[in-house]
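Q: Sharing a structure here in structure tokens format.
Residue numbers (this note's numbering): 512 to 592.
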């Protein structure tokens, strides 16, 4: 932040980068949810699955894997179901 209270260029760039990363994660989460909804039949069931530990991934949940950037691994796993 500058002395006059406006965000500095560095601060603005950091916020923009953070926003882009959060947007990517949100899109990945939506993609996984949509794919699981097709399999399990409802948003509630897909949401529940997103928070269940997955033995194949050392007990991590799908939500954790999305946060870790492992969307492709999850999509492959779902396709193999």
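For each residue, glycine too, the CB sits at the ideal point set by N, CA and C.
Over the uninterrupted alpha helix (DSSP H) stretch that includes residue 568, give me the two end residues.
A: Neither: residue 568 is in no alpha helix (DSSP H) and is coded neither H nor E.
Q: Would DSSP call residue 546 helix, strand or coil?
A: helix
Q: Measuring straight from C-alpha to C-alpha, what distance separates residue 529 and residue 549?
A: 31 angstroms
Q: So, helix, strand or coil for residue 515, using DSSP?
A: coil
Q: Ordered along the chain, which non-local residues of its own chain (more than five positions away) have a Cβ less than 8 angstroms from that of residue 551?
A: 557, 560
Q: Take every Cβ of the stretch 571 to 586, pair it with every Cβ of the stretch 533 to 549, and state whether three or more of those distances are shorter than 8 angstroms.
A: yes
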